[in-house]
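Novice: Add 2 to a position in the sequence shown, counting from 1, and you land on the number used in the numbering used here.
Cβ atoms here follow ideal geometry from the backbone N, Cα and C, with glycine treated the same way.
Since we're looking at a predicted model, the values are computed, not measured.
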Amino acid sequence: MHLRSLALHTFRNFEATSLDDCGAVNLLIGENGSGKTSLLEAIYCLGSSRSFRTRKWQSLVQHHEEQFVVTGELHRDGASERLGIRRRRGEKSPVVKHRGVMLRSAGELAGVLPLQLIDSAAFQLLEGPPEIRRQWLDWGVFHVEQHAFVVAWRRYRKALQQRNALLRQPSTPLSALSPWTEELVRSGEVVHALRHAQFERLVPLIQSTYADIDASASAAVSLDYRYSPGWDVSQYSLAERLDSALQTDRELGYTRHGPHRADVRIKVGAQPAIEVLSRGQLKTAICCIRIAQAKLLAQYGIKSVFLIDDLPAELDPYRRRQLTQALLALEMQLFFTSIQAGDLADCFEGLPAHALKRFHVKQGSVSPLP
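Pasting the structure below:
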């Protein structure tokens with residue numbers, strides 16, 4: 003999958019702008035505030051129907067305008083496809099069309115343009131709440147086991163909502179809880195199995211990628227990756243854990259155990275990685291996690307598009323070069339941003355000239371550079 007061109011209309015500071023003839027590797031160059039990150043945001047919005055910078059989608063619409071439109075031309079298996087999103091003030095949901103057909107769910111869209119994002123907020127993958135790590139893992143599971151995972155997760159979520167609603171009512175009889183608990187167990191075991199299987203395949207890829215990028219750091223700092231499913235699977239089945247916790251769940255009014263409480267824990271020895279590693283080491287680890295996930299999906303014929311905002315931040319020149327080389331080795335489409343062309347010049351040494359496309363971004367306009 004390859005994004006050939008991108009067109010923006012009244013999106014952020016872009017009145018009517020296009021990014022044409024995109025290559026395998028694309029470098030967006032411009033001063034702070036010029037709109038480089040907004041271009042990545044537009045691609046992200048095209049592939050996910052949301053922004054990675056704000057939840058207030060209205061801020062994406064240019065001031066005094068009623069809507070934004072982002073369209074892209076995709077190349078897949080030698081064929082061209084059109085993908086577009088329109089978001090209008092006053093409407094609850096965006097309008098998304100792929101090959102002229104309206105898409106009804108985020109899941110349908112995610113399969114059209116798989117995206118991997120590395121930006122200033124990437125640290126949240128390690129520093130943020132468990133929900134962020136669940137979302138990361140589930141994104142990969144979705145692409146590999148789409149039907150099974152979506153069905154199980156929807157059933158689990160519905161059962162969890164119903165069970166929690168009943169737990170909040172002190173007079174609820176056990177007979178009313180039992181059907182939802184049984185569904186929670188059935189669907190929850192499926193969600194756990196799919197997550198666990200993917201995580202077991204991911205860990206070796208993460209470790210080998212980290213070792214390739216920074217062999218000395220990998221030897222000195224051993225990162226331990228653990229998947230915590232949301233209950234102690236070595237001691238209990240999910241049914242047993244829910245049964246033993248029922249009285250406390252009733253008192254608290256919610257379900258404390260299950261896949262909705264899962265987490266991925268990354269440690270150095272007995273300590274969380276975020277308390278031991280430097281910012282540069284953390285960013286390297288996060289990039290390796292993203293690269294490893296893309297490698298795993300590629301085994302299933304799914305190629306991601308990478309959006310990399312300000313890669314040099316937090317990284318020394320060595321790690322910067324190593325990470326760039328690892329990204330190039332994926333043979334997937336890459337979009338980088340940089341203030342100066344020279345910031346990443348040494349990272350692209352050996353790359354054929356035709357493979358690298360450079361664009362200058364300046365206050366709402368984009369122009370190709372030689």
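Is it the case that the Cβ atoms of H77 and H145 are separated by a distance below 8 Å?
Specialist: No, they are not a contact pair.
Novice: What three-state label does DSSP hand F338 in the structure shown?
Specialist: Reduced to three states, the DSSP call for F338 is strand.
Novice: Judging by CA-CA distance, which residue of G102, S122, F70 is the nearest neighbour of E316?
Specialist: If we check each option's Cα against that of E316, S122 comes out closest.
Novice: Determine the contact status of L358 and G25, defining contact as a CB-CB distance below 8 Å.
Specialist: It is a contact, given that the beta carbons lie within the stated cut-off.
Novice: Can you tell me whether DSSP reads G1 as helix, strand or coil?
Specialist: Because the chain spans 3 through 372 in this model, residue 1 falls outside it and cannot be assessed.
Novice: How is K359 classed by DSSP in three states: helix, strand or coil?
Specialist: In this structure, K359 counts as strand in the three-state DSSP scheme.
Novice: Quick one, which of D23, L128, G32, S61 has its alpha-carbon nearest D265's?
Specialist: With distances taken between Cα atoms, D265 lies closest to L128.
Novice: Got a sec? Which residues, its chain only, sit under 6 Å from I31 by beta carbon, not counting five neighbours each side?
Specialist: Once the five neighbours on either side are set aside, the close Cβ partners of I31 are S340, A343, H362.
Novice: Which residue spans inside the region 250–331 form an unbroken alpha helix (DSSP H) run of at least 4?
Specialist: If we require 4 residues or more, the alpha helix (DSSP H) runs fully inside the region 250–331 come out as 281–300, 319–331.
Novice: Expressed to the nearest angstrom, what Euclidean distance is found between the alpha-carbon atoms of K269 and S224?
Specialist: Spanning the two alpha carbons is a distance of roughly 8 Å.
Novice: Would you check if there are 3 or more beta carbon pairs closer than 8 Å linking the region 151–163 to the region 186–204?
Specialist: Counting Cβ pairs under 8 Å, three or more are found: they touch.
Novice: Does the beta-carbon distance from F337 to N34 come in below 8 Å?
Specialist: Cβ atoms of F337 and N34: not closer than 8 Å.
Novice: Can you say whether E43 is buried or exposed, counting buried as having 16 or more other CB atoms within 10 angstroms of its CB?
Specialist: Burial call: buried.
Novice: Taking the beta carbon of R156 as the centre, do at least 16 other beta carbons fall within 10 Å, making it buried, or is it exposed?
Specialist: R156 is exposed by the Cβ-count criterion.
Novice: Candidates P131, S7, L119, V97: which alpha carbon is nearest S82's?
Specialist: The residue with the shortest Cα to Cα distance from S82 is S7.
Novice: What residue from A296, R170, R203 has the CA that sits closest to T250's CA?
Specialist: Taking only the C-alpha atoms, the option nearest T250 is R170.
Novice: Less than 8 Å between the C-beta atoms of L117 and L309, yes or no?
Specialist: In contact: L117 and L309 (Cβ atoms closer than 8 Å).
Novice: Can you name, in chain order, every residue of its own chain whose Cβ lies under 8 Å from the Cβ of W138, other than the five neighbours on each side?
Specialist: Answer for W138: L127, V266, I291, Q295, listed in chain order.
Novice: Could you tell me whether the region 363–371 touches the region 10–23, using the rule of 3 or more Cβ pairs below 8 Å?
Specialist: Flag = yes, the region 363–371 and the region 10–23 touch.
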